[in-house]
Amino acid sequence: VANPNSTRHSEVESQVFDPLERAKIPFGVYLTRYPESADNVRAMKDELPDDGMIIVAGGDGTAKQLAEVAISKKDLTLGFFPGGSFNDAAYSHMDRGDTICDLIKAPTIEVYPLSVEMEIGEERRSELALSYLTLGMTALVAAGFDAVSSRKQMTQMSQRKSDHTYLPSQTF
């Protein structure tokens, strides 16, 4: 699955399609085609197989779409290959120097869905969250808050009036 509107889509052919052809690994190409995520998810649920391996050669937005599709499928193995502006999903499961062939040979990782409930204005919705893939990065960034200057800045920011409403976190 590739997103033709991704910032790095031009690299997908040379980094994904060409190496798979050279390795004589059969594959098909599915290009997302709608600007709205929900429309792509609906189309992929109808058009992608219920089992086998599907690799996203795109960014986190495309990865999130395919993860939503995979929940409704029977026995789908997902792979994430960086091809977008933000590639946390891919780099959570592979090293930066890995090729598409490395990804195909990698052991599978079981992933369980995690959803986040959001309230945006009057609208309240539940979304699949790929953010758990990047908890390690979040912990690394959070470690920077140990510094006195960071804590001071965070305290000042928290004292400002905010128009955001935060929902209490829940474990599912």
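With my numbering applied, the sequence shown covers 11 to 182. Heads up, the beta-carbon is just placed ideally off N, CA and C, and yes, glycines get one too. No experiment lies behind these values; they were computed from the predicted model shown.
Expected contact under 8 Å - CB spacing of S102 and T17 to nearest Å: Not quite, the Cβ-Cβ distance comes to about 19 Å (not below 8 Å), so this is no contact.
Contacts around L58, its chain only, beta-carbon distance under 7 Å, and the 5 residues preceding and following it disregarded: Y40, I64, V79
Bounding residues of the beta strand (DSSP E) (the contiguous stretch that carries A67): 61-68
Per-residue burial, D70 [other beta carbons within 10 Å of its own, 16 or more giving buried]: buried
Any non-hydrogen atom of the ligand MN within 7 Å of S95 CB: Judged by which ligands are present, the structure shown has none, so any question about the ligand MN falls away.
Three-way DSSP call (helix, strand, coil) for F90 in this model: strand
Stretch-stretch touch, CB-based, cutoff 8 Å, three pairs: the region 20-31 with the region 103-117: yes
Alpha-carbon to alpha-carbon, F91 and S20: 14 Å
Contact belief for D61 with D85 at Cβ below 8 Å, rounded distance in angstroms: 4 Å
Rounded C-alpha distance that separates T144 from D49: With a pLDDT of 49 at T144, under the threshold of 50, the modelled position of that residue is not reliable, and the figure given next carries that caveat. One C-alpha to the other measures close to 26 Å.
Separation of K74 from N13, as counted between CA atoms: 12 Å
Residue span of the alpha helix (DSSP H) that contains L113, given as start and end: 110-115
Span of the alpha helix (DSSP H) around P36: Here P36 belongs to no alpha helix (DSSP H), and DSSP marks it neither H nor E.
Beta-carbon gap between G93 and A67 smaller than 8 Å: yes
For F37 and E31, the rounded distance between their alpha carbons: 8 Å
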